[in-house]
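Quick look at the structure:
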């Protein structure tokens with residue numbers, strides 16, 4: 131806090147000096163004893179509202195989406211067969227401006243794909259034909275820039291092609307490859323703002339032979355919200371709503387196998403992370419290999435990095451998962467697994 | 102103004118017609134406002150929410166942080182979230198989440214703060230407008246217990262009363278001086294007061310920044326300063342009209358100087374009390390010494406007009422109390438119920454009082470110099486007074 135020293139400060143200082151000079155023990159003693167007590171104990175005071183940060187519930191109905199549903203909402207598109215035998219998956223995506231209540235009492239003027247943050251999780255098998263009709267229903271130019279193989283004209287970047295002016299549309303068409311966990315986001319400029327406002331989502335391409343069967347597959351898109359537009363995140367979340375999975379634990383059973391598709395699209399901060407409590411997971415960076423690279427309980431992802439996690443729980447109980455960038459955790463990126471016997 | 106041309110004024114009662122004519126514009130005004138509102142005002146919506154939340158003060162108790170806020174926006178404000186050191190924290194709000202315009206509310210956080218640490222608190226309104234509070238050093242806020250009352254009184258005693266009285270103790274020695282030296286001392290008093298006056302108004306302006314917008318801090322300064330100046334001037338004129346004795350008149354001026362300095366010290370006390378509450382007090386014995394040296398000059402200023410008279414001891418005692426004791430009151434008010442608005446008002450009153458007293462002292466000096474012109478004595482006296490405060494200030498800044 132920048133402060134300019136005024137004559138007032140001198141009086142403040144002077145006033146204090148007098149305390150020592152005149153040896154007023156009483157005041158010092160009272161304040162010291164109480165302070166000292168606090169210092170020695172160092173135990174947190176009892177909290178009136180439970181032990182976890184974050185309060186209340188947002189209006190999911192008004193938001194039009196619920197993170198619990200997003201968790202397992204894989205969009206396989208409208209499926210048909212092309213004459214050459216290739217599977218065609220068709221999607222329609224509309225970009226709209228929408229106010230989203232991200233924490234109780236604060237509505238974020240988001241830019242969304244299909245009215246939700248994150249946007250739909252597209253899922254295809256390697257080699258499928260993807261055709262996405264993108265309609266820009268907002269008042270800014272937007273695009274869908276996919277990570278993966280595709281021609282430059284389908285890149286969704288100014289200068290290359292694939293931009294949609296307000297009221298216009300564009301159809302992206304390409305083959306889904308390589309297999310792995312990818313993402314897409316708007317690539318209009320100013321880029322950071324277009325992403326931070328909510329235009330992003332996950333893109334899963336399964337290998338032709340598929341992945342081993344698991345009991346649960348979840349998608350988790352990590353992001354942040356800069357509600358006062360100072361290019362610093364004020365809240366952090368997985369699947370759009372801060373603290374959601376903390377307040378609504380994800381229920382699994384002991385021994386059940388879990389696969390998480392984890393994507394980081396956090397703006398403004400350099401890294402994000404994922405830490406699983408009381409457990410370890412196999413980690414497949416970018417999901418492009420079927421052999422895990424690491425057996426760990428914490429991974430770090432830079433922006434647009436992603437990976438697949440696989441684990442199961444040995445014991446019943448409540449287990450936290452959160453960004454081990456703990457600041458993010460206390461600002462919303464915190465969740466719970468409830469492991470039922 | 103020429104008296105012969107002014108129309109004869111009659112003192113007959115105001116007729117009904119006059120009352121009607123007086124009320125006519127007001128009735129028309131009411132009509133215009135009604136019409137304006139009936140047509141839906143200007144029909145303009147603000148482009149963006151305009152919100153202003155003034156954080157007036159905070160208090161800390163074991164396991165709790167209380168923040169006193171005032172809504173200085175054009176409309177009501179709703180508090181949505183509170184973030185303490187980058188952690189979203191549960192809070193309660195008294196009396197309610199929505200604060201009406203100019204309304205006050207207390208945000209209470211059950212937060213396990215630690216002694217001596219710093220905290221940054223961000224309050225988000227429902228329009229996602231952030232308001233920040235910094236707690237530089239956390240420690241339990243003093244409660245108005247008997248012991249702390251006494252301690253704040255002691256602070257005020259050292260800051261205000263003792264230095265002023267020490268200055269007054271110069272009285273017997275200064276009485277021995279010749280007329281020229283007494284005039285010099287009067288001029289020096291004027292210099293001291295001018296310096297203090299500028300200092301006080303600067304502080305008032307600085308503090309005005311913390312006053313909620315609708316309370317118009319700068320306007321308060323103007324009202325407080327001008328009203329005090331004119332009121333003291335009126336009192337002084339009435340005294341000189343009714344009292345025969347020159348000595349009584351000079352004693353009256355001494356009392357006014359004491360009053361002006363008293364308000365100045367009240368402002369100092371407020372700042373000390375408030376500073377203690379927010380933990381800005383750094384401990385330094387050296388500073389106190391310099392501080393007493395600077396304030397001793399205030400006592401000197403108070404007695405300068407009555408040096409040639411024979412004031413009673415009781416009168417001198419009263420002068421010292423008027424000049425110094427408000428520091429104690431200020432410390433109490435600042436320590437237990439700090440209000441930036443009141444502080445600005447007091448400082449403004451102090452400014453008006455001090456400059457009026459400069460005016461009175463100037464009149465006394467003019468009487469002296471009318472008998473025997475001594476321009477260099479006056480010049481050097483005023484400059485010496487100002488330099489005295491400036492140089493002693495160097496020690497303690």
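Residue numbers (the numbering used here), protein chains in the order written: chain A, 131 to 471; chain B, 102 to 498.
We put the beta carbon where it would ideally sit given N, CA and C, even for glycine.
Distance between beta carbons of residue j and residue i, contact taken as under 8 Å
i: residue 451 of chain B; j: residue 361 of chain B; result: 7 Å
i: residue 316 of chain A; j: residue 274 of chain A; result: 7 Å
i: residue 431 of chain B; j: residue 374 of chain B; result: 7 Å
i: residue 115 of chain A; j: residue 382 of chain A; result: Lying outside 131 to 471, the shown extent of chain A, residue 115 of chain A is not represented and no answer is given.
i: residue 311 of chain A; j: residue 417 of chain A; result: 4 Å
i: residue 357 of chain A; j: residue 279 of chain A; result: Rounded, the Cβ-Cβ distance is 36 Å, inconsistent with contact.
i: residue 309 of chain B; j: residue 318 of chain B; result: 3 Å
Helix, strand or coil at residue i according to DSSP, with G and I counted as helix
i: residue 243 of chain A; result: strand
i: residue 388 of chain B; result: Model confidence at residue 388 of chain B stands at a pLDDT of 48, short of 50, so the residue's coordinates are unreliable; what they give is reported in the following sentence. The answer is helix: DSSP assigns residue 388 of chain B an H, G or I state.
i: residue 274 of chain A; result: coil
i: residue 261 of chain A; result: strand
i: residue 349 of chain B; result: helix
i: residue 463 of chain A; result: coil
i: residue 222 of chain A; result: strand
i: residue 456 of chain B; result: helix
i: residue 291 of chain A; result: strand
i: residue 317 of chain B; result: coil
i: residue 485 of chain B; result: helix
i: residue 336 of chain A; result: strand
i: residue 376 of chain A; result: helix
i: residue 242 of chain B; result: coil
i: residue 314 of chain A; result: strand
i: residue 337 of chain B; result: helix
i: residue 416 of chain B; result: helix
i: residue 505 of chain B; result: Absent from the structure is residue 505 of chain B, since the part of chain B shown begins at 102 and ends at 498.
i: residue 493 of chain B; result: helix
i: residue 448 of chain A; result: strand
i: residue 251 of chain B; result: helix
Residue from the options with nearest C-alpha to residue i
i: residue 427 of chain B; options: B:396, B:351, B:370; result: B:370
i: residue 451 of chain A; options: A:344, A:444, A:459; result: A:459
i: residue 398 of chain A; options: A:364, A:221, A:282; result: A:364
i: residue 241 of chain B; options: B:234, B:218, B:271, B:262; result: B:218
i: residue 230 of chain B; options: B:322, B:473, B:179, B:120; result: B:179
i: residue 324 of chain A; options: A:376, A:372, A:333, A:240; result: A:240
i: residue 352 of chain A; options: A:461, A:379, A:385, A:281; result: A:461
i: residue 224 of chain A; options: A:445, A:213, A:243; result: A:243
i: residue 206 of chain B; options: B:214, B:212, B:197; result: B:197
i: residue 455 of chain A; options: A:448, A:435, A:429; result: A:429
i: residue 206 of chain A; options: A:332, A:300, A:322, A:356; result: A:332
i: residue 319 of chain A; options: A:426, A:271, A:306; result: A:271
i: residue 341 of chain B; options: B:306, B:465, B:265, B:176; result: B:465
i: residue 448 of chain B; options: B:294, B:325, B:350; result: B:325
i: residue 434 of chain A; options: A:326, A:236, A:209, A:283; result: A:326
i: residue 236 of chain A; options: A:362, A:188, A:282; result: A:188
Contact with chain C by residue i, beta-carbon distance below 9 Å
i: residue 296 of chain A; result: The structure shown has no chain C; the protein chains it does contain are A and B.
For residue i, the residue or residues it bridges with in DSSP
i: residue 381 of chain A; result: A:468
i: residue 343 of chain B; result: In DSSP, residue 343 of chain B forms no bridge with anything.
i: residue 195 of chain B; result: B:207
i: residue 413 of chain A; result: A:424, A:439
i: residue 227 of chain A; result: A:241
i: residue 305 of chain A; result: A:259
i: residue 216 of chain B; result: According to DSSP, which records beta bridges pairwise, residue 216 of chain B is partnered with nothing at all.
i: residue 171 of chain B; result: B:155, B:205
i: residue 232 of chain B; result: B:224
i: residue 163 of chain B; result: Its beta-bridge partners do not exist; DSSP assigns none.
i: residue 391 of chain A; result: A:349, A:438
i: residue 204 of chain A; result: A:251
i: residue 354 of chain A; result: A:366
i: residue 266 of chain A; result: A:225
Three-pair Cβ contact test at 8 Å for the stretch 225–236 of chain B versus the stretch 149–168 of chain B
They touch, by the three-pair rule.
Decide if the stretch 435–450 of chain A is in contact with the stretch 383–390 of chain A; the criterion is three or more beta carbon pairs, one per stretch, under 8 Å apart.
A contact exists between the stretch 435–450 of chain A and the stretch 383–390 of chain A.
Would you call the stretch 216–236 of chain A and the stretch 255–265 of chain A touching, i.e. three or more CB-CB distances under 8 Å?
Yes, since at least three Cβ pairs between the stretch 216–236 of chain A and the stretch 255–265 of chain A fall closer than 8 Å, the two stretches touch.
Between the stretch 185–205 of chain A and the stretch 369–389 of chain A, are three or more C-beta pairs nearer than 8 Å?
The answer is yes - the stretch 369–389 of chain A touches the stretch 185–205 of chain A, with three or more Cβ pairs under 8 Å.
Taking 8 Å as the threshold, find out whether the stretch 279–293 of chain B comes into contact with the stretch 467–485 of chain B through three or more Cβ pairs.
In short, these stretches touch, since the Cβ pair count reaches three.
Spell out a yes or no on whether the stretch 253–264 of chain B and the stretch 401–414 of chain B are touching, meaning 3 or more CB-CB pairs, one atom from each, closer than 8 Å.
Touching, no.
Count the C-beta pairs between the stretch 174–188 of chain B and the stretch 222–229 of chain B that are closer than 8 Å, then say yes if the count reaches three, no if not.
Contact between the stretch 174–188 of chain B and the stretch 222–229 of chain B is present, with at least three C-beta pairs closer than 8 Å.
State whether the stretch 265–284 of chain B contacts the stretch 468–481 of chain B, with contact taken as three or more CB pairs (one from each stretch) at a distance under 8 Å.
Cβ pair count under 8 Å is three or more, so yes.
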